[in-house]
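Going line by line, the protein sequences match chains B and V. My numbering numbers the first residue of the first sequence as 1 and each following residue consecutively. My numbering numbers the first residue of the second sequence as 1001 and each following residue consecutively.
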Amino acid sequence: MASQTDEDSDAETFGPLLHIPEASLVKLAMQIRADVFHMTSCSSSSRLVDRISGSYNLVHIIQLDSDLQLVIRIPATGWGARLTPPAAAAIESQLATLRLIASKTTIPVPQVYAFDTTTNNAIGAPYICMSFLPGQTVAKTWFDTSLPTSLEDRQLRILSTLARSLAQLARFSFIKIGSLHEGENGNLTVGPCYDWKENDDDGTISAAMSGPYDSAAAYVSTTTIPSTKIKRTVHGELQQRRLWRW
Amino acid sequence: MEVVVRHLPSPPSPTFVLSVPDFDSQNIMVDDQGNLTGIIDWDLAQNYAPVRKLCSVSRMDHARLGPAHVWLAQVKSRKLTRGA
């Protein structure tokens, strides 16, 4: 709604997740540091550096030591009735995807240090803890004339390094449309697709699950929206916009 | 919509590819020179027909970065791939 402030909309989306105390986040980050990096020395300067609310995630940046920053991402589906099996499966699928990309390509993606799809942890919410990647967003650097490098050279370099990286995704091909799932033996299979579904009435967000699909036609027929019945899903809306551009 | 579905490619043994789910300038990190340092949002990652990603490139940040066809043409004219 146009009259709604960002704060109202954040409260609707993230509810109690917005009020997770800094101390709990730092505690979780320190537990992860002990498990992953085997560093247990207690640094008094550990703190929450930033809390960024995206459309579907709360992203926390925790400074633990002078040179260690961890990112804790909490999905909007991480509270109340939204904590469903599809919401948990969507997290696990994302991790399987990141693991595949990290192990088989040189595409720079965050390294996952720890995750939990349940609320049984120091912050009482599902999360993914990952490495903090250096750099600035392309949104900031694309037109930034205050940087020492020439704008045109920088833009071309962004496109060429991005293209070289993304071309590596061609190494993987699949016979079905869906998301990746890792079996107990570590084998990857293609399972359902996930999407965020926004409830128009109360603004709540839940994870939806469909597929997998054998063909592009089956996917589009199921997931895109006849104009008479608009379904509010992220991929759905984007999909419709894309289709109009063909 | 029916017309679009009818014209989707359906090769005898279709293969689908993995792609960046939210291909957006806010999710791509670079250094001051423009070297890629990270792609950060992999929520809802899934594979799909390769053609979809062409469509998403064409819509990527039209408003923020300028028309995609302009910078794609720039890349082409500078023959970046030759140096790759």
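Just so you know, even glycine gets a beta-carbon here, dropped at the ideal spot from N, CA and C.
Neighbourhood of residue i by C-beta distance below 8 Å, restricted to the same chain and skipping five residues each side
i          : result
ASN121(B)  : LEU28 and TYR127
ALA34(B)   : THR40
ARG82(B)   : ALA76, THR204, ILE205, SER206 and ALA207
ARG99(B)   : VAL112 and GLU182
ASP10(B)   : LEU18 and SER53
MET1060(V) : Below a pLDDT of 50, predicted positions are generally treated as unreliable, and MET1060(V), at 44, falls in that range; the measurement from the model is reported next regardless. So the qualifying residues of the chain are PHE1023, ASP1024, SER1025 and ALA1068.
GLY178(B)  : VAL190, GLY191, PRO192, CYS193, GLY211, PRO212 and TYR213
THR145(B)  : LEU151
GLY15(B)   : TRP79 and GLY80
Classification of residue i by the beta-carbon crowding that lies within 10 angstroms, buried from 16 upward
i          : result
THR13(B)   : buried
GLU22(B)   : exposed
ARG157(B)  : buried
HIS60(B)   : buried
PRO1021(V) : buried
VAL1003(V) : exposed
LYS104(B)  : exposed
ARG154(B)  : buried
PRO134(B)  : exposed
ALA1063(V) : Reliability of the predicted coordinates at ALA1063(V) is poor, the pLDDT of 47 falling under 50, and the value obtained from them is presented with this limitation in mind. So ALA1063(V) ends up on the exposed side.
THR223(B)  : buried
SER66(B)   : exposed
GLY1038(V) : buried
N- and C-terminal bounds of the alpha helix (DSSP H) containing residue i
i         : result
LEU25(B)  : 22 to 32
ALA88(B)  : 85 to 104
VAL988(V) : The structure shown does not extend to residue 988(V), since chain V is modelled only from 1001 through 1084, so no value can be given for it.
ASP153(B) : 151 to 166
THR145(B) : Counting along the chain, THR145(B) falls outside any alpha helix (DSSP H), and DSSP gives it neither H nor E.
THR222(B) : 216 to 223
SER9(B)   : 6 to 14
THR141(B) : 138 to 141
C-beta contact flag for residue i and residue j at 7 Å
i          : j          : result
ILE62(B)   : LEU25(B)   : yes
MET30(B)   : VAL71(B)   : no
THR97(B)   : LEU169(B)  : no
ASP1032(V) : LEU162(B)  : no
VAL1005(V) : ALA217(B)  : yes
PHE172(B)  : GLN69(B)   : no
LEU1044(V) : SER165(B)  : no
ALA114(B)  : ILE32(B)   : yes
THR117(B)  : ALA125(B)  : no
GLN136(B)  : TRP1042(V) : no
Other residues of its chain near residue i: CB distance less than 6 Å, five sequence neighbours each side excluded
i          : result
ARG73(B)   : ASN57, VAL59 and ILE128
CYS1055(V) : With a pLDDT of 47 at CYS1055(V), under the threshold of 50, the modelled position of that residue is not reliable, and the figure given next carries that caveat. Cβ within range, chain order: n/a, list empty.
PHE174(B)  : VAL190
VAL36(B)   : TYR113
TYR86(B)   : Before going on, a small fix: residue 86(B) reads as Pro here, not Tyr. Hits under 6 Å: ALA207 and MET209.
Unbroken beta strand (DSSP E) run spanning residue i, endpoints
i          : result
ALA208(B)  : 205 to 210
ARG47(B)   : 47 to 53
PHE115(B)  : 112 to 116
TRP1042(V) : No beta strand (DSSP E) holds TRP1042(V); DSSP gives it neither H nor E.
HIS19(B)   : Per DSSP, HIS19(B) belongs to no beta strand (DSSP E) and is neither H nor E.
THR189(B)  : 188 to 191
Neighbourhood of residue i by C-beta, 7 Å cutoff - its chain only, sequence neighbours within 5 removed
i          : result
ALA102(B)  : VAL109 and GLN111
LYS176(B)  : VAL190, PRO212, TYR213 and ASP214
ILE1040(V) : ASN1027 and MET1029
Q.
Under 8 Å: do the segment 127 to 140 of chain B and the segment 1017 to 1026 of chain V share three or more Cβ pairs, one atom per stretch?
A. Enough Cβ pairs lie closer than 8 Å, so yes.
(Q) Check whether the segment 195 to 205 of chain B and the segment 75 to 84 of chain B are in contact - that is, three or more C-beta pairs closer than 8 Å. (A) The segment 195 to 205 of chain B, when compared against the segment 75 to 84 of chain B, does touch it at the 8 Å Cβ threshold.
Q) Within the chosen definition, does the segment 189 to 199 of chain B reach the segment 86 to 93 of chain B through at least 3 CB pairs nearer than 8 Å? A) With contact defined as three or more Cβ pairs closer than 8 Å, the segment 189 to 199 of chain B and the segment 86 to 93 of chain B are in contact.
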